[in-house]
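> Got a structure here, written out as structure tokens. Questions coming.
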Amino acid sequence: MTILKLHHFDQYLQQYLDERHQVFNHQLSGVEANRRDLNLFSQFCHQTGCHDINGDTILTFIAWLKYDRKNNAGSINRKISSVRSYIKYLRFRQVDGADHLPVEYLSRARQPYTAPYQTLSAEEVKQLLSSIDCCSILGYRDYLLYSLLYRLGLRIGEALAIDLEDIDLKKLIITIHGKGRPQRVLPLLSDVVEIIQSWLLMRTKVFGAQEQNALFVSKKGNRLSARTAQENFQKIVAQAGPFSIIKITPHSLRHAFATHAIEGNADLIVLKAVMGHASIHSTQIYIHPSLETLRKAVNDHIAADILSDLIEEGVVVLRMQQKWRNAA
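Position 187 of the sequence shown, counting from 1, maps to 187 under the numbering used here, and the rest follow consecutively.
Next up, the structure:
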């Protein structure tokens with residue numbers, strides 16, 4: 001049986017990463033995460049003197065991640081996924097030995113139960129967005145950015161990656177390039193269109209017809225970075241608070257979009273498409289009804305009517321009184 005050699009694993013790595021980014025249009029952040037994961041696996045093999053890669057090599061690597069590096073289940077699963085995808089690529093390239101690695105049978109690390117993600121209420125989202133200073137150019141930019149996260153359920157990276165050519169104001173659609181998956185086209189409603197049109201006028205007036213094609217630009221006219229967007233968001237949160245949840249990030253707006261959509265009885269399949277999820281299971285994590293929703297469900301249940309009727313008819317009270325009289 002042919003064995004996958006470590007030098008072959010290393011040889012095709014850069015080509016694989018380049019293709020993910022350039023050919024399949026995967027986001028650079030995701031490609032870099034893959035690079036770190038695969039480099040870590042390669043370093044592990046070199047340091048342990050393992051120049052022939054087999055199933056035991058990968059299992060030993062996983063054990064090392066868990067017991068030596070103390071990685072959590074989520075981190076381990078991501079690394080498993082990176083190795084699995086790369087091995088499949090090597091198979092496609094017909095690299096010797098790749099066919100004999102049973103990566104399909106690698107089981108995911110079990111993740112501990114986590115409490116449901118806390119969500120901003122609709123009023124809190126309004127409180128947050130209304131606190132942004134729209135009188136300044138950059139403030140208006142931020143208002144549009146964070147409004148899109150909530151209005152369309154975008155990831156922050158997806159919003160920052162939007163180019164001018166992705167927006168079609170005639171057809172009222174916007175093209176989103178997200179997280180290494182096929183692009184999706186979302187509708188633009190009148191409230192968002194109005195904000196976009198105003199921002200485009202400001203953007204052209206302030207920054208001119210620059211080569212930068214990004215919708216969201218910094219004060220220097222470059223594409224707005226994720227770090228700056230995160231920092232600006234935290235300043236807004238600090239000014240707008242307090243809120244019912246402690247940790248609020250730009251992703252909280254995407255989460256609020258999904259949760260509020262589900263509470264509004266949105267179809268899960270449609271919501272999956274809007275959010276760009278690869279699996280319906282990713283969408284289902286947002287199904288954690290609020291206390292108000294639970295209270296309404298309990299109150300609306302037929303059991304509430306039955307028990308209320310029994311109490312009104314005096315059946316429950318009479319039986320209880322009879323029991324205690326007998327006990328006395």
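Ideal Cβ placement from N, Cα and C applies to all residues, glycine included.
1) Is the separation between the beta-carbon of glycine 55 and that of proline 102 shorter than 8 Å?
2) By DSSP, does valine 95 sit in helix, in strand, or in coil?
3) So threonine 119 is in the beta strand (DSSP E); what residue range does that whole segment cover?
4) Using the Cα positions of glutamate 123 and serine 130, report the straight-line distance between them to the nearest angstrom.
5) In its own chain, which residues sit with a C-beta less than 7 Å from the C-beta of aspartate 99, not counting the 5 before and 5 after it?
6) Considering only C-alpha positions, which residue in the set Leu4, Asp10, Tyr67 is nearest to aspartate 52?
7) Go through its chain and collect everything with a Cβ distance to lysine 88's Cβ below 6 Å, but skip five positions before and after it.
8) Counting only the same chain and skipping the five closest in sequence on each side, list residues whose C-beta sits under 7 Å from that of leucine 28.
9) Are the stretch 204 to 224 and the stretch 159 to 167 touching by the rule of at least three beta carbon pairs closer than 8 Å?
10) Considering Cα atoms alone, identify which of Gly178, Lys219, Arg151, Ile156 is closest to leucine 188.
11) How would you label arginine 242, buried or exposed, when you count the other beta carbons within 10 angstroms and need 16 or more for buried?
12) Determine the DSSP secondary structure at lysine 219, reduced to helix, strand or coil.
13) For glutamate 149, which of Thr283, Gly30, His8, Val274 has the nearest alpha-carbon?
14) Under 8 Å: do the stretch 252 to 268 and the stretch 169 to 184 share three or more Cβ pairs, one atom per stretch?
15) Buried or exposed for alanine 278, going by 16 or more other Cβ atoms inside 10 Å?
16) In three-state DSSP terms, what is isoleucine 280?
17) Check whether the Cβ atoms of valine 206 and isoleucine 137 sit closer than 8 Å, and answer yes or no.
18) Taking the continuous beta strand (DSSP E) assigned at proline 102, which residues delimit it?
19) In this structure, does DSSP put leucine 172 in helix, strand or coil?
20) Return the residue from the list Val125, Asn71, Asp18 that minimises the CA-CA distance to valine 237.
21) Output needed for serine 147: all residues of its chain with C-beta closer than 8 Å, excluding positions within five of it in sequence on either side, in chain order.
Well, looking at it:
1) Residue numbering aside, residue 55 sits at position 55 when the sequence shown is read from its first letter. Residue numbering aside, residue 102 sits at position 102 when the sequence shown is read from its first letter. Yes, they are a contact pair.
2) As a working mapping, residue 95 is identified with position 95 in the sequence shown. Valine 95: coil per DSSP, three-state reduction.
3) Position 119 of the sequence shown, counted from the first residue, corresponds to residue 119. Element bounds for threonine 119: n/a, residue is neither H nor E.
4) In the sequence shown, the residue the question calls residue 123 occupies position 123. In the sequence shown, the residue the question calls residue 130 occupies position 130. In this model, glutamate 123 and serine 130 are separated by some 10 Å (Cα to Cα).
5) Counting from 1 along the sequence shown, the entry for residue 99 is found at position 99. Result list for aspartate 99: Arg91, in chain order.
6) Counted from its first residue, the sequence shown places residue 52 at position 52. Comparing alpha carbon positions, the residue from Leu4, Asp10, Tyr67 closest to aspartate 52 is Leu4.
7) What you label residue 88 is simply residue 88 of the sequence shown in a count that begins at 1. So the list is empty, once near-sequence residues are dropped.
8) As a first step, residue 28 is located in the sequence shown; it is residue number 28 there, counting from the start. Counting only Cβ-Cβ distances below 7 Å, and skipping sequence neighbours, we find His21.
9) The stretch 204 to 224 makes contact with the stretch 159 to 167; the number of CB pairs closer than 8 Å reaches 3 or more.
10) Counting from 1 along the sequence shown, the entry for residue 188 is found at position 188. Minimum Cα-Cα distance from leucine 188 among the listed residues Gly178, Lys219, Arg151, Ile156 corresponds to Arg151.
11) Start at 1 with the first residue of the sequence shown, and residue 242 comes out as number 242. Note that residue 242 is proline in the sequence shown, not arginine. Exposed: under 16 other Cβ atoms inside 10 Å.
12) Sequence index remark: in the sequence shown, residue 219 carries index 219 (1-based). If DSSP states are grouped into helix, strand and coil, lysine 219 belongs with coil.
13) Stepping through the sequence shown from its first residue, residue 149 is reached at position 149. The sequence as given places leucine at residue 149; glutamate does not occur at that position. Selection Thr283, Gly30, His8, Val274 evaluated against leucine 149 yields Val274 as nearest (Cα-Cα).
14) No: fewer than three Cβ pairs fall under 8 Å.
15) Counting from 1 along the sequence shown, the entry for residue 278 is found at position 278. It counts as exposed.
16) Residue 280 sits at position 280 when you count from the first residue of the sequence shown. Three-state result, isoleucine 280: helix.
17) Mapped onto the sequence shown, residue 206 falls at position 206. Mapped onto the sequence shown, residue 137 falls at position 137. Yes; because the gap between Cβ atoms is below 8 Å, this pair is in contact.
18) Here residue 102 is taken as the residue at index 102 of the sequence shown, counted from 1. Boundaries for proline 102: no beta strand (DSSP E) harbours it, and the DSSP string shows neither H nor E there.
19) For this step, residue 172 is matched to residue 172 along the sequence shown. Look at leucine 172 here: in three-state DSSP terms it is coil, with no helix or strand label.
20) Taking the first residue of the sequence shown as 1, we reach residue 237 at position 237. Nearest C-alpha to valine 237 among Val125, Asn71, Asp18: Val125.
21) One-based indexing of the sequence shown puts residue 147 at position 147. Within the same chain, serine 147 has close Cβ partners Leu129, Val192, Ile195.
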